[in-house]
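Enquirer: Note that UniProt numbering gives residue 221 to position 221 of the sequence shown, counting from 1, and the numbers run on in steps of one.
Handing you this structure, nothing more for now.
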Amino acid sequence: MPGIAAVKTRLKPNIITAIHTGYANINSRIKPYYHRYDRTFDTGRARDQHYNASAHHHICDVCQFNSSSYNELVQHNRSTLYRIICNSYNDDRWWIPDSQAYKDHLRNDNVCTTCERHFNSLNNLRHHKLVHLKPSVECYGCTRSFTTYSGIIIHLESRTCTSSIDILDLNKSATIYYQWQKFLDGEYRDDILSCYDLKEEYDGAVYPFRCPECDTTFSKLSGLFQHIDSRSCEQRLNGGPIAKLIK
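So, in structure tokens, the structure goes:
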């Protein structure tokens, strides 16, 4: 019995197309045939009118794959990357990958290219992208890893680390650094060196830490590092006194 390849060589091209997609070549002299319902149309126009009028036909405009549902068409395009549709839109907007229109959409609508979510601001998008990062920053006191350096600081401040390091230890370590004036208000330095709880000492929130770049103040060291991780200003972990502080 001849193999599939041999059989294919004896089939006309439009029949091969129909086998794979249920969509025969409209330019063929043979009447369009639709294999799903074993139906032949008089013309390609008649077949296309049938597709457009039916909720059971969703055609890929690149390869003419005939999906039985809209969700199947979405999955087809996601597997082939012929077209892109974003999760946050319900208006059937399809994008051509690498097109300028799609690049503009990503930028203007703050789109996460990993999960296709849209955000109201670039800062919110940057913060969201952290959830897709693989934990690679190792804690100094235990075997846990985090996606950001600020994650380690929060972990230590909350006393969830097996090393028993807490917020008072962290604050003191930052205060004895020789460039402490770059990110710490001198008014609170002696209290921090004495391991006082500033919130209790001053009966409320105080803001001893400061971003060296934009002068935004923070009540906790973790707040400063979250600010840096968010790229809200030009300060980076590997820049200036902050780079030396974390070494």
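For each residue, glycine too, the CB sits at the ideal point set by N, CA and C.
#1: Would you give the residue range spanned by the alpha helix (DSSP H) that D229 belongs to?
#2: By Cβ distance below 6 Å, which residues in the same chain neighbour I154 in space, the five residues on each side in sequence not counted?
#3: C115 to Y207, Cα distance in whole Å?
#4: Check this for me: beta carbons of D191 and E200, under 8 Å apart or not?
#5: State the beta-bridge partners of W94 as determined by DSSP.
#6: With DSSP run on the structure shown, which of helix, strand or coil describes R236?
#7: Check whether the Cβ atoms of K131 and T148 sit closer than 8 Å, and answer yes or no.
#8: Leaving out five residues before and five after K247 in sequence, what residues of the same chain have Cβ atoms less than 6 Å from its Cβ?
#9: Measure the C-alpha to C-alpha separation of I217 and P135 and round it to an integer number of angstroms.
#10: Any idea which residues DSSP pairs I59 with across the strands?
#11: Pick out whichever of K172, N110 and L193 has its Cα sitting closest to the Cα of L245.
#12: Is the Cβ-Cβ distance between S163 and C195 less than 8 Å?
#13: Give every residue of the same chain whose Cβ lies closer than 6 Å to the Cβ of D38, excluding the five residues on either side of it in the sequence, and list them in chain order.
#14: Could you spell out the range, first to last residue, of the alpha helix (DSSP H) harbouring H105?
Expert: Taking the structure as given:
#1: Here the alpha helix (DSSP H) through D229 covers L221 to D229.
#2: Sequence-distant Cβ neighbours of I154 in its own chain, meaning closer than 6 Å and more than five residues away, are S222.
#3: The alpha-carbon atoms of C115 and Y207 are separated by roughly 36 Å.
#4: No, these two residues do not count as a Cβ contact at 8 Å.
#5: Answer is I85.
#6: Reduced to three states, the DSSP call for R236 is coil.
#7: A quick correction: the sequence has Val, not Lys, at residue 131. Going by C-beta atoms, V131 is not nearer than 8 Å to T148.
#8: Taken in chain order, the list of residues that qualify is empty.
#9: Reading off the sequence shown, one finds Thr at residue 217, where the question assumed Ile. About 28 Å.
#10: Residue pairing of I59 in beta bridges, as defined by DSSP: N66.
#11: The candidate whose alpha carbon is nearest that of L245 is K172.
#12: In this structure, C195 does not lie closer than 8 Å to S163 by Cβ.
#13: Residue confidence for D38 is low, a pLDDT of 47 falling below 50, so the modelled location carries little weight and cannot support an answer.
#14: Residues Q100 to N108.
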